[in-house]
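If you read the protein sequences in the order shown, they are chains X, F, C and D. According to this note's numbering, the stretch in the first sequence is residues 80 to 424, in order. According to this note's numbering, the stretch in the second sequence is residues 80 to 424, in order. According to this note's numbering, the stretch in the third sequence is residues 80 to 424, in order. According to this note's numbering, the stretch in the fourth sequence is residues 80 to 424, in order. Don't be surprised by glycine CBs; every beta carbon is placed ideally from N, CA and C. This one's a predicted model, so the numbers in the text were calculated from it and none came from an experiment.
Number of protein chains: 4
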Amino acid sequence: MIIVLRPDSTTEQVDHIVEHIHRLGLKTDVSRGIKRTIIGVIGDEDLVRNAPLRAIPGVEEVVPILKPFKLASREYQAEDSSFDVGFGVKVGGGHLGMIAGPCAIEGREILREIAQSVRASGANILRGGAYKPRTSPYSFQGLGEDGLKLLREVGDELSMPVCTEVMDPRQVELVDQYTDIIQIGARNMQNFNLLSEVGQTKRPVLLKRGMSATVIDLLMSAEYILAGGNKRVILCERGVRSFDNSTRNLLDLSLVPNVKGLSHLPVVVDPSHATGRPALIPPMALAAVAAGADGVHIEVHSCPEKAMSDGPQALLPGQYQQVMDQMRKVAGLFGRQINEPRAPR
Amino acid sequence: MIIVLRPDSTTEQVDHIVEHIHRLGLKTDVSRGIKRTIIGVIGDEDLVRNAPLRAIPGVEEVVPILKPFKLASREYQAEDSSFDVGFGVKVGGGHLGMIAGPCAIEGREILREIAQSVRASGANILRGGAYKPRTSPYSFQGLGEDGLKLLREVGDELSMPVCTEVMDPRQVELVDQYTDIIQIGARNMQNFNLLSEVGQTKRPVLLKRGMSATVIDLLMSAEYILAGGNKRVILCERGVRSFDNSTRNLLDLSLVPNVKGLSHLPVVVDPSHATGRPALIPPMALAAVAAGADGVHIEVHSCPEKAMSDGPQALLPGQYQQVMDQMRKVAGLFGRQINEPRAPR
Amino acid sequence: MIIVLRPDSTTEQVDHIVEHIHRLGLKTDVSRGIKRTIIGVIGDEDLVRNAPLRAIPGVEEVVPILKPFKLASREYQAEDSSFDVGFGVKVGGGHLGMIAGPCAIEGREILREIAQSVRASGANILRGGAYKPRTSPYSFQGLGEDGLKLLREVGDELSMPVCTEVMDPRQVELVDQYTDIIQIGARNMQNFNLLSEVGQTKRPVLLKRGMSATVIDLLMSAEYILAGGNKRVILCERGVRSFDNSTRNLLDLSLVPNVKGLSHLPVVVDPSHATGRPALIPPMALAAVAAGADGVHIEVHSCPEKAMSDGPQALLPGQYQQVMDQMRKVAGLFGRQINEPRAPR
Amino acid sequence: MIIVLRPDSTTEQVDHIVEHIHRLGLKTDVSRGIKRTIIGVIGDEDLVRNAPLRAIPGVEEVVPILKPFKLASREYQAEDSSFDVGFGVKVGGGHLGMIAGPCAIEGREILREIAQSVRASGANILRGGAYKPRTSPYSFQGLGEDGLKLLREVGDELSMPVCTEVMDPRQVELVDQYTDIIQIGARNMQNFNLLSEVGQTKRPVLLKRGMSATVIDLLMSAEYILAGGNKRVILCERGVRSFDNSTRNLLDLSLVPNVKGLSHLPVVVDPSHATGRPALIPPMALAAVAAGADGVHIEVHSCPEKAMSDGPQALLPGQYQQVMDQMRKVAGLFGRQINEPRAPR
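Below is the structure:
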């Protein structure tokens, strides 16, 4: 950490700061330049990270040098994380998690129909929402536990690991009984109590990036889960808020290599929520695989005009099959694989 | 609601859409222009708001005409909401809520010292966090119930209504026992289960705008609380994410008149979290009052360099007194008042 | 165009608006809903596009239906634009323009060395700046005409079309004498006089997206050039401003399919300026090709630490060769080609 | 300047960097921490500001300590700049420039009518555009020199200094003959050749902030003008691009005190372009004065529905008078004055 002093800082102020740092258990290296005095802080940066040094008189700026996350960092673990999310499906380290399914679970028949089609196309993880975060209190909020049961049933029938969102710490225990992967939605990326709660479970977690979260914010939220003891976190880019409303959000594909430089965690991409427009989903899905993503998350519905949530952004099963075929080719070019789920023995 | 068709839409598609709308219980008005056919939907827009019309073949765009919130709207209630938040302090309708106090509750003495000073300067609501949303799992997370007790104690001693944040639906019942105003932080603005839960209480709610929430998003979150039966919602602007990192966030003061055109709810401004820089807080506080805000929320700490959270952005008690004196003058210019809290009879 | 009236609009106001529209030479279709009256405007939308209808009393909102650009639109030309940019190199319609070279032209030897290496790797267009837009008046501003001469010389020697930026309408005539492609930089995307001026030339134009330009803004700027009679415009995505400063800008790859839905113009991607970080350039370059871009623009320098502009974001020649090999494979997967330039006969 | 090395940097790399810095004429202070080695650069930071240090192997990050602008800085000039812009009207140092007038100059009668009304209300600078930057090549582009003549004529008749926009370096000489203040529009804030050109004139310049310019970007653009020898630069905040399209742009009032901490230049606020909505202009104008702005720029039109440009965002003369009365009161509260222009002797 480096402390930059104001041009008008006094010797007393410098001494006060140095003393303050020493009291916190660290060493200092004072460097007096022509226009500015700079104090380098030597030692364990964590001891001072949360100290309000910028509030001390004479301080102009405090520049942290180390990243504030640990367990999520490449320095903590050099090789890519890779783990089984159920039914032998691996995510990370060259294995792609291809997540597909309807936005919301609406009923047994429609869910099974969609699941069968995406499974046949090559998806290896089935998604479906039982608890839906809706901006309006008057919108369909999901089937709740009934939805979870249907999802489990269809997942088991087709030997597919399933993924569903949890919105409330009080739902975690229940959701944990039914799902293979717990999803934290973008709006809850900084719902820290929820993160801590899923950190206590043994389920892989799909953590979606918040709409205005930096890459550091995202990794700090992952750190909450990792710090709870749950090591299986998959990050998910799903677009950030932008000034151009011709797409729902702005897909930030550079997050993929950006995360990979900083962290060992797998990162998947959701072009459905990012673009909100079916015509843009296939090119962005292909781009995601080419950019090195560890998977792609796409919403599929066999009758979008009757979907109870987010219908307009869903691909039709035939469109999904086409983009899956192309994604498989791009992945093959880079030696990456898409495991088929296997029936439990 | 208006449905704009694609230039290549067919007569069959138009008929299909019209039939679809009629089945939903509404009427249509088809207008065939030179380059586009447009279908006006006549009737209760709520019946179709969540129908995925854009997913129907032939549809290019769906343009909603009415706002999706009801109870929060000016159409529902024409006059400004104004209510007592405790100890006779009114917020809204020309009455300003001047909220001040430390970021986090750290101990009895320091809290009382800060509270006495802001009370003497004219603040009429005391704030302090017992549960702190921190981006790092390794940071100080607040004193919890012990903090709540201290806040209540000091509030009662000084006859000040108190305001504190709740982060988890499981904490609502407990927090409700100690506080006068429940705060929902920016990161939880779309934590819908938490909103529903505080909608069940009888406490005024201070709802902070999320870091990338539009004015409509904010009003929809207020609608969640109002729909639960709790009519006393105060909105709070605290800055949005921006590309210029010379301030912590970008204070959007235009939200104040923007909200006032759309809604009857009071709206206060928090220049502390918005700017993150003490030098910018007083001018932005004065600007907030001049813009018509129903109150100003400022963090004050008597020793920022020892604060356990957000010290660098706190004003010193003397700085707060100075800006309060000026805010009072600006408020006076526009005939707005700052009630002093009164001891309970 | 649709005019939405305020809920409190009067019959006189409706009549006034209708009369106003009729005077502009269009027809109206008034539709009185339960909560809102809506006026559909029928006829040539261009006649009213710039009329300040929203300023008329009683009007709440004006919703345009048609896009404001014409010559750039898919409706004007259904098939992809594709054209020769010099030395037989085609861009658009399945032909990729692979643009590479140093940020600034610094001298003959270093330019030739870089040009030879990128040519050998497969680049088919050489870039280099002679006039540099620098945020500081004290930075190196480019070699000017001397730079243009060097660029022409090296381009001719290696049979490569060359591309260089013009910043000032007064430079257009001169630059036009030396270059094959005229580049308009991001900061000048809405320098309308400069756009008009290059619209008068017969050179292909590489038009970079402004840092906060919407897709519509970009197409409107292209329209300025097209309206001048110059039909060979290549659009270029190079990142937009964002809240996360871990990359220089935020690459918006969804612009590629987004533009392709609206326009026939080719669109290339510049991951160098977008990310500003060499480690992120190759994955984003591959993603660009997978997303359907008509080319990729990459800065290459054989000694970045001595570069006079933007060194830190340049790839080394060996890194460029590697990513070109991979881009060629991805392009091949989708049947797209990279023409080799041919010596003039 | 501080150079942070990568955790895996070698001794050879450190030596190479140190030698490199010394060759540039500066000293170094190497500080080896537990996790990172840091090199402090001591001496004139300007010597290395543009050196591509981040491109040197082993470097992770380069942290500048000093600001890159000089002539615009508070360190260069401690007291507020304040100067006469014509007819005895002062801007800066407690004197407010109240700029008002139509968006575009449309004709003599309408201009005179508007000018008389704003002059009577207390405006002390008349604005009007003769060259209009329009996003569409098919929109009204301004009256050109005829407009400049009308503006001069009306300004002289009413003894008001006038302000008009220049878009092209080729227009500067002509515009300079007619106007008192030259305006650089937001879209040209980084049109560096235009900035240099107006830097050669002796006219005060009103420099509008670009739609995604940081405060540093804005001051660097001012530096271009100052470096040319023209010391009279007035900065203007007019809103930045944002994700919420309920306003045209997002007014960043915190720029006012932010600039005042960094620079001696006056800064005015334009709530017309920022909000684009007449209902939001008065509260934002009042807020601007309370925030310490050195003036307010408001578009006024006596018949907005017939305006040839930006009619919907203009205030009516009566609305302007009302907000001017209130702004005068707020300014008075803080001891700031609005000079009346005086007839030339």
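Asked                                                                                                              : Found
Cross-chain neighbours of ASN324 (chain D) in chain X, by beta carbon under 9 Å                                    : PHE322, ASN324
For ASP331 (chain D), the residue or residues it bridges with in DSSP                                              : DSSP lists no partner for ASP331 (chain D).
VAL109 (chain D) (DSSP reduced to helix, strand or coil)                                                           : strand
Distance between beta carbons of SER325 (chain D) and ASN328 (chain F), contact taken as under 8 Å                 : Wrong, their Cβ atoms sit about 18 Å apart, outside the cutoff.
CB contact below 7 Å: LYS114 (chain X) versus chain C                                                              : no
Spatial distance of ARG288 (chain F) from TYR217 (chain C) (CA atoms)                                              : 42 Å
Proximity below 7 Å, CB of ILE304 (chain X) to CB of PRO283 (chain X)                                              : no
Positions along the segment 370-400 of chain X whose CB lies within less than 7 Å of some CB in chain C            : ALA370, GLY371
Bridge partner(s) assigned by DSSP for ARG191 (chain X)                                                            : In the DSSP output, where bridge partners are listed per residue, ARG191 (chain X) has none listed.
Option in F:PRO350, F:ALA183, F:GLY201, F:LEU395 with minimal Cα separation from ASP225 (chain F)                  : F:ALA183
Secondary structure of HIS376 (chain F), DSSP reduced to three states                                              : strand
Nearest to HIS174 (chain C) (by Cα), restricted to the options C:GLY390, C:ILE377, C:ASP373                        : C:ASP373
Short-range partners of chain C found in the segment 329-358 of chain X, where Cβ spacing is below 9 Å             : LEU329, LEU330, ASP331, LEU332, SER333, LEU334, VAL335, PRO336, ASN337, LYS339, GLY340, LEU341, PRO350, ALA353, THR354, ARG356, ALA358
GLY137 (chain D) beta carbon less than 7 Å from that of ARG85 (chain D)                                            : yes
Reference PHE413 (chain X), options C:VAL409, C:ALA292, C:PHE148, C:THR214, closest by Cα                          : C:VAL409
Classification of ILE96 (chain F) by the beta-carbon crowding that lies within 10 angstroms, buried from 16 upward : buried
contact_flag[the segment 189-202 of chain X, the segment 259-273 of chain X] where n(CB pairs < 8 Å) is 3 or more  : no
HIS343 (chain F) (DSSP reduced to helix, strand or coil)                                                           : coil
DSSP state of ALA157 (chain D) mapped onto helix, strand, coil                                                     : coil
Inter-residue spacing [alpha-carbon to alpha-carbon] between GLY318 (chain D) and THR214 (chain F)                 : 29 Å
Short-range partners of chain X found in the segment 285-313 of chain F, where Cβ spacing is below 7 Å             : MET290, SER291, ASP296, MET299, GLU302, TYR303, ALA306
Interface flag, PRO362 (chain C) vs chain E, CB-CB below 7 Å                                                       : The question asks about chain E, but that chain is absent: this structure's protein chains are X, F, C and D.
Contact check, ALA422 (chain C) vs SER238 (chain C), beta carbons under 7 Å                                        : yes
Inside the segment 247-332 of chain F only - beta strand (DSSP E) runs reaching at least 3 residues                : 260-263, 284-287, 312-316
Same chain, Cβ closer than 6 Å to PRO361 (chain D), five either side skipped, listed in chain order                : VAL402
Three-state secondary structure (DSSP) of GLU91 (chain X)                                                          : helix
Rounded separation between GLY122 (chain C) and ALA301 (chain C) - CA only                                         : 25 Å
LEU132 (chain C) beta carbon less than 7 Å from that of GLY104 (chain C)                                           : no
Counted within 10 angstroms of its Cβ, other Cβ atoms place GLU316 (chain X) as buried (16 or more) or exposed     : buried
Whole-angstrom distance between ASN129 (chain F) and TYR399 (chain D), CA atom to CA atom                          : 42 Å
Where LEU84 (chain X) sits in the DSSP three-state scheme                                                          : strand
Simplified DSSP assignment, three categories, for MET177 (chain C)                                                 : strand
Cβ separation of MET387 (chain C) and GLU232 (chain C), assumed to be a contact under 8 Å, to the nearest whole Å  : Rounded, the Cβ-Cβ distance is 19 Å, inconsistent with contact.
Residue-chain proximity (VAL409 (chain C), chain X), Cβ-Cβ < 7 Å                                                   : yes
is_contact[ALA199 (chain C), chain X] using C-beta, thresh 7 Å                                                     : no
Continuous alpha helix (DSSP H) stretch holding ARG407 (chain F): start and end                                    : 396-412
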